[in-house]
Amino acid sequence: MSDQIILRVATKIIVPTILLFALYVQFHGDFGPGGGFQAGVIAAAAFVLYALVFGLRRTHRVLPTWVVRTCASAGVLLYGGVGLATMIGGAEFLNYNVLAHDPEHGQHYGILLVELGVMITVFGVMVTIFYFFAARGREDL
Amino acid sequence: MSVLVDFALLAFLATTAIAVVRTTNLFAAVMLAGIYSLLTAGLFTVMDAVDVAFTEAAVGAGISTVLMLATLSFIGSKEESPQVRITEISAKVPDRRPLFPLFAVLVTGAILIWGTGDMPPFGDPADPIHHHVAPRYLEESGHEIGIPNVVTSVLASYRGFDTFGETTVVFTAAVGVMILLSAIRRKDRYGEERWGEEDVPNLFRGFVPNFWLGDDGRMRAPPSPQEPGEGGEGKAS
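Line by line, the protein sequences are chains A and B. The numbering of the first sequence is this note's numbering, which starts it at 109 and goes up by one. The numbering of the second sequence is this note's numbering, which starts it at 718 and goes up by one.
Right, dumping it as structure tokens:
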């Protein structure tokens with residue numbers, strides 16, 4: 109579809125906006141609707157759109173397969189790591205109260221990190237699955 | 718007003734569902750399924766579940782539609798007409814009784830509709846769901862967690878362990894897709910691309926979806942530029 113000038117220009121404008129919105133949904137999740145899962149799928153949708161218009165080869169150049177695979181596992185590790193950190197701090201698994209001196213601040217840090225982990229994993233997983241489906245049976249990739 | 722929107726969305730939803738069942742053009746079916754997801758997202762918005770609507774719109778209408786389109790590029794977008802299929806099936810299965818499946822579907826549907834009679838009314842403050850742990854979350858999360866969005870407090874903190882499990886499930890899904898789709902795409906030692914069941918890791922034999930198996934029970938290649946040919950014998954010897 110890369111010969112369609114309108115699609116190309118519109119995609120170039122819309123992809124950064126989608127990514128920005130994903131970050132908004134992520135970091136505004138404490139105050140409005142949204143959170144890690146939503147932000148992850150929205151960010152993944154931006155790259156799926158890019159791949160539809162500009163092709164898999166160029167998307168691979170922007171976002172190589174090893175990066176998304178690393179994302180998929182790094183998020184889970186981050187989430188579990190927060191749990192381990194709270195255990196080292198002397199509390200139960202995923203009890204964020206001990207992450208800072210003030211329990212409320214601890215909860216803030218914990219939720220921020222945990223939601224970040226969810227977003228990274230969901231983003232990595234969605235793009236990985238898309239890459240595998242889209243690249244099936246293609247010799248040039 | 719909201720009831721009117723509800724009725725309109727549900728009517729569209731039913732129409733789309735019937736259209737998906739009736740069409741034999743798979744491309745149209747995939748697009749209609751995307752529309753179905755988008756309508757569901759609209760319903761979620763009307764019910765004030767905006768974050769669920771986000772997810773439904775992005776995953777249901779967006780990414781899974783693209784995945785199904787990617788699948789269609791392999792299997793083609795035309796389904797055999799129902800008449801052809803039914804005559805073929807009836808030729809193979811001489812004693813075909815459509816009455817039993819119809820009976821099962823009707824009974825199951827009737828039980829489901831009967832069961833909704835016991836559901837608490839939607840949005841009633843006296844519903845059991847509002848009297849279990851919800852009051853505590855609403856009253857205490859303000860100073861226990863200190864963020865205004867109670868949904869985030871519940872998901873990430875009170876129920877953090879559940880969310881950890883969910884994240885792991887999502888990760889496992891990716892691992893499963895990677896194993897299934899990459900196992901059949903491997904080169905043998907002669908550098909020839911082979912598609913054999915022996916390329917599937919031992920653990921997963923027997924779980925290979927039927928549509929990848931040819932008549933001889935071995936995995937078959939998706940329609941690719943060139944068929945794998947008879948490279949199989951060389952490796953076995």
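We put the CB at the ideal spot given by N, CA and C, even for glycine.
Item                                                                                                                                                                                           : Value
Would you please verify whether the beta carbon of A:GLN134 is less than 8 angstroms from any beta carbon of chain D?                                                                          : Among the protein chains in the structure shown, which are A and B, there is no chain D.
By the 10 Å Cβ neighbour count, where 16 or more other Cβ atoms means buried, how is B:ILE792 classified, buried or exposed?                                                                   : exposed
Taking B:THR884 as the reference, which of A:PHE240, A:VAL235, A:ILE237, A:THR229 has the closest Cα?                                                                                          : A:THR229
Suppose the cutoff is 7 angstroms on Cβ atoms and the five residues either side in sequence are ignored; what does the same chain contact list for B:ALA873 look like?                         : THR880
Taking Cβ-Cβ distances shorter than 7 angstroms, what residues in chain A pair up with B:MET895?                                                                                               : THR236, PHE240
Please report the Cβ distance between A:GLY148 and A:VAL226, rounded to the nearest whole angstrom; I am assuming they are in contact, meaning their Cβ atoms lie under 8 angstroms.           : 7 angstroms
Might you give, ordered along the chain, the residues of its own chain that have their beta carbon closer than 6 angstroms to the beta carbon of A:LEU186, omitting 5 neighbours on each side? : GLY225
In three-state terms, what does DSSP make of A:ASN205?                                                                                                                                         : helix
Less than 8 angstroms between the C-beta atoms of A:VAL176 and A:TYR239, yes or no?                                                                                                            : yes
How far does the alpha helix (DSSP H) with A:HIS216 in it reach, from first residue to last?                                                                                                   : 211–242
Using a Cβ cut-off of 7 angstroms, pull out every chain B residue sitting near A:ALA193, in sequence order please.                                                                             : Within chain B, no residue comes near A:ALA193; the closest Cβ sits about 13 angstroms away, beyond 7 angstroms.
Going by DSSP, what residues sit across from B:ASN742 in a beta bridge?                                                                                                                        : B:LYS795
For A:GLY183, which residues in the same chain have their Cβ closer than 6 angstroms to its Cβ, ignoring the five residues on either side in sequence?                                         : GLY225, ILE228, THR229
Quick check on A:LEU224 - is its C-beta less than 8 angstroms from some C-beta in chain B?                                                                                                     : no
Name the chain B residues whose beta carbon is nearer than 7 angstroms to that of A:ALA180?                                                                                                    : PHE888, ALA891
Counting only Cβ pairs nearer than 8 angstroms, list the residues of chain A close to B:THR772.                                                                                                : PHE145, GLN146, VAL149
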